[in-house]
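Encoded as structure tokens, the structure appears first; notes follow it.
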Amino acid sequence: MFKYPLVVTIDTNIFDAAKYNLSDASTLRILENHVKSGKIKVVLSDIVVQESKRHIAARVKEVCGIVNIARNSALKVYNEHLISSIGMNEMFRIVESEDDIIAKEEKVFDDFLCAIDAEILGTDLIDINSVLSDYFGAKPPFEESGKKKSEFPDAFIAQQIRNRFGETETVVIVSNDKGFIRACRESENHLFFNSLGALYNAISKEDAAYDDTIAVIKELQLRISAAVKEYIKGNENIDVHGLSYDKDGIESGYDYSEVYLHSISDVTFSVRSVDEISENISLVTLSCKADISADCYYEDYANAPWNPEEKECVFVDTIQMREEHKARFGCRIEIDREAKTFKVFPFTVILGGDSRRNRYEVEEHPVEDDEEEIRDMDREALGFQALGSYESYLEDNLPDSHFYADIIERFEKINGLYRKYDDCCISFDDLLAELNAANPKETIKLIYERLLEVSDIPRIANVENITDSEVEEIQAWANAQYERASEIADIDTLPNVIAFGETITIRGVDGSEASLSIGDNQISPDDGSEEIIDIYFSNGNGNTTSGYIKLTVGYLRFDEDGGAEDGLSDDVEYEYNDILKELDRFIDVQNCEVEKDIKIAEIISDIINAGIDNT
Numbered sequence: 001m002f003k004y005p006l007v008v009t010i011d012t013n014i015f016d017a018a019k020y021n022l023s024d025a026s027t028l029r030i031l032e033n034h035v036k037s038g039k040i041k042v043v044l045s046d047i048v049v050q051e052s053k054r055h056i057a058a059r060v061k062e063v064c065g066i067v068n069i070a071r072n073s074a075l076k077v078y079n080e081h082l083i084s085s086i087g088m089n090e091m092f093r094i095v096e097s098e099d100d101i102i103a104k105e106e107k108v109f110d111d112f113l114c115a116i117d118a119e120i121l122g123t124d125l126i127d128i129n130s131v132l133s134d135y136f137g138a139k140p141p142f143e144e145s146g147k148k149k150s151e152f153p154d155a156f157i158a159q160q161i162r163n164r165f166g167e168t169e170t171v172v173i174v175s176n177d178k179g180f181i182r183a184c185r186e187s188e189n190h191l192f193f194n195s196l197g198a199l200y201n202a203i204s205k206e207d208a209a210y211d212d213t214i215a216v217i218k219e220l221q222l223r224i225s226a227a228v229k230e231y232i233k234g235n236e237n238i239d240v241h242g243l244s245y246d247k248d249g250i251e252s253g254y255d256y257s258e259v260y261l262h263s264i265s266d267v268t269f270s271v272r273s274v275d276e277i278s279e280n281i282s283l284v285t286l287s288c289k290a291d292i293s294a295d296c297y298y299e300d301y302a303n304a305p306w307n308p309e310e311k312e313c314v315f316v317d318t319i320q321m322r323e324e325h326k327a328r329f330g331c332r333i334e335i336d337r338e339a340k341t342f343k344v345f346p347f348t349v350i351l352g353g354d355s356r357r358n359r360y361e362v363e364e365h366p367v368e369d370d371e372e373e374i375r376d377m378d379r380e381a382l383g384f385q386a387l388g389s390y391e392s393y394l395e396d397n398l399p400d401s402h403f404y405a406d407i408i409e410r411f412e413k414i415n416g417l418y419r420k421y422d423d424c425c426i427s428f429d430d431l432l433a434e435l436n437a438a439n440p441k442e443t444i445k446l447i448y449e450r451l452l453e454v455s456d457i458p459r460i461a462n463v464e465n466i467t468d469s470e471v472e473e474i475q476a477w478a479n480a481q482y483e484r485a486s487e488i489a490d491i492d493t494l495p496n497v498i499a500f501g502e503t504i505t506i507r508g509v510d511g512s513e514a515s516l517s518i519g520d521n522q523i524s525p526d527d528g529s530e531e532i533i534d535i536y537f538s539n540g541n542g543n544t545t546s547g548y549i550k551l552t553v554g555y556l557r558f559d560e561d562g563g564a565e566d567g568l569s570d571d572v573e574y575e576y577n578d579i580l581k582e583l584d585r586f587i588d589v590q591n592c593e594v595e596k597d598i599k600i601a602e603i604i605s606d607i608i609n610a611g612i613d614n615t
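Structure (structure tokens):
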């Protein structure tokens, strides 16, 4: 249980990740809400504040540089008067006021720090001699890699936190910098989160309404997926980065001037974090996936004929490219738990090289497309799917299938096993505290005999005469057990949705890795054809079990008199019994391991608590 208010300090990289976005319902504004509710007290290093302002200035300069490049490109095609007459000069003018913009953005950041009532830690809390000692001793955050000088800010911040709060007051550190985290781990009173979303989620989990929120999302999941899809379709909120750069900084690809959504399918999501819970309302961040294709246009200056007298291009062709992406993006929704309604906040999907699956130039509309359109209209008139819509048909069928329900049910069982390790962590943490106390040998005497029966605790030659080396061995064993339990407790939970073209890794508590793969639904159906989509389950031991999803494409043929002669109905068949059996076997193996670990944790907890009661 958290004791509020939580003292929270935030690293610069967290502000960078949030892109200094201070709009309503942004990640940083939610922080302000938690401060006002009394759940969070923000404490920041003055180093973080100065670094953040430096990064803000750098971002402004980067934007101004982009605008300047756009201005120069426009002037190659149009004259200054035309640019002014269409109003583009106002946008270009921001380059001339770069310093004013930087000052304005820094003022916005300062106002935010005031709004969250941030306590700023000064340099008076830094012990230079201690930091230098860590530097020459290559202690965290300093490394042997030769980049130790760049770690001084992290060392200073860690010192400020340690000297401000000592070794007893709990401090939450939000950072994704491993070196900084290692430096702060020297103090046992520090809790770590790699994002503000993860912190918000942990706070929300202590609220009784957290489970209600998850339950409502699960109930509304199909509607939410559809709403996310419709938002993208209705708002054209697609940003395609057509240019890429290699390790030498050489540019390739296309600088698109226009981007339009061509198609979107297979929209799925999982809950990344429950960011805020109020009386009836929950703010939730979703991790979304979708297959998205976009029609993108660029001006082909490279092949444009040049008029040397006018010093301009005679004409510039506009080339259409189609980009196909396996998109991953985040969005935030507001859930009304009582009314079981929701709304989607504005968001943008950014598509780049990491999500791109294909890119090609689009030729002129072929005549065959018209013929296909007529054929599909005829099929729909007879009650069949259009041949071009079977991918969507499969996507809509999957969430309503027994296969989907059975798999999600198993995933929930596995997630339940992960959650049991929260209590195991507490038990091993308590054991470590006792083993590091003044008289660890007495603790070992209390636990040894009972743990010997159920665990691999190191052997002791004589319990009545425990040696110092045996104490160290058991301390190391307890620490390893704690680290293992912590790692399992921190495993990302399995999703509450599954989709075509997805491979889901399932981590076992015994260290194994299984996986479930569903083939892509990219098919080429025809009248009466059968399309097979493979399903595979690997149990992590080299054994793979297969199943399939079979689509039967319906059709109806007529005789010379116009009567029905032959036909089939559209149908989807799922064959997965063998996969389900293997998945259940995998769960049974993990459950045995969990039961053993829980037994060990219960023995430790019972003995330590009994010892405390006796004292």
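Yeah, the sequence shown ends on 615 if you go by our numbering, and it's all consecutive.
C-beta: ideal position from N, C-alpha, C; glycine also.
Here the structure is a predicted model, which is why all the values come from computation and not from measurement.
In this structure, DSSP gives TYR574 an extended state, which the three-state scheme calls strand.
At a Cβ-Cβ threshold of 7 Å, ASP177 and ASP11 count as neighbours. Per DSSP, reduced to three states, the secondary structure at HIS55 is helical. Cα atoms of LEU351 and ALA198: separation of roughly 25 Å, rounded to the nearest angstrom. Residue pairing of ALA601 in beta bridges, as defined by DSSP: absent, with no partner found. Classified as exposed, CYS114 has fewer than 16 neighbouring CB atoms from the shown chains inside 10 Å of its CB. Closest in alpha carbon position to LEU286, among PHE269, ASP300 and ALA226, is PHE269.
The Cβ atoms of ALA294 and LEU243 do not sit closer than 7 Å to each other.
As DSSP reads the structure, HIS190 sits in a beta bridge with VAL171. Annotated as proximal: THR545 and ASP578, with beta-carbon spacing under 7 Å. Between VAL267 and ASP317, the alpha-carbon positions lie close to 35 Å from each other. Residues LEU22 and SER23 of the same chain have their beta carbon placed closer than 8 Å to that of ARG29, with the five preceding and five following residues left out of the count.
Per DSSP, reduced to three states, the secondary structure at ARG410 is helical. A distance below 8 Å between beta-carbons, with the five flanking residues on each side excluded, links ASP376 to the following residues of its chain, in chain order: ALA386, LEU387, GLY388 and SER389. Counting C-beta atoms within 10 angstroms of its own C-beta, GLU391 has 16 or more neighbours from the protein chains shown and is therefore classed as buried. Here the C-alpha atom of SER469 lies approximately 26 Å from the C-alpha atom of CYS424. Per DSSP, the unbroken alpha helix (DSSP H) holding PHE112 starts and ends at 98-115. With a contact defined as Cβ atoms closer than 8 Å, ASP291 and SER265 qualify at about 5 Å. Between VAL228 and LYS420, the gap from beta carbon to beta carbon reaches 7 Å or more. When DSSP states are grouped into helix, strand and coil, SER546 belongs to the strand group. Distance from LEU394 to VAL572 at the Cβ level is roughly 7 Å; contact confirmed, criterion being Cβ atoms closer than 8 Å. With three or more CB-CB distances shorter than 8 Å, the segment 519-538 counts as touching the segment 497-505. For GLN221, the uninterrupted alpha helix (DSSP H) run begins and ends at 221-235, by DSSP.
Under the Cβ criterion (8 Å, minimum of three pairs), the segment 274-283 counts as touching the segment 30-41. Approximately 6 Å separates the beta-carbon atoms of LEU44 and ILE120; this is inside 8 Å, confirming the contact. If only uninterrupted beta strand (DSSP E) runs of at least 3 residues are considered, those enclosed by the segment 250-292 are 251-253 and 258-277.
In the DSSP assignment, THR318 is bridged to GLU299. For ILE30, the secondary structure class from DSSP, reduced to helix, strand or coil, is helix. Per the DSSP secondary-structure output, ILE535 pairs in a beta bridge with ILE518 and GLY547.
Bounds of the beta strand (DSSP E) holding ILE506 are 502-507. Around the beta carbon of ASN307, fewer than 16 other beta carbons sit within 10 angstroms, so the residue counts as exposed. Rounded to whole angstroms, GLU312 and GLU98 show a C-alpha spacing of 30 Å. Residue SER515 holds the alpha-carbon nearest to the alpha-carbon of GLY540 among SER515, GLY528 and ALA489.
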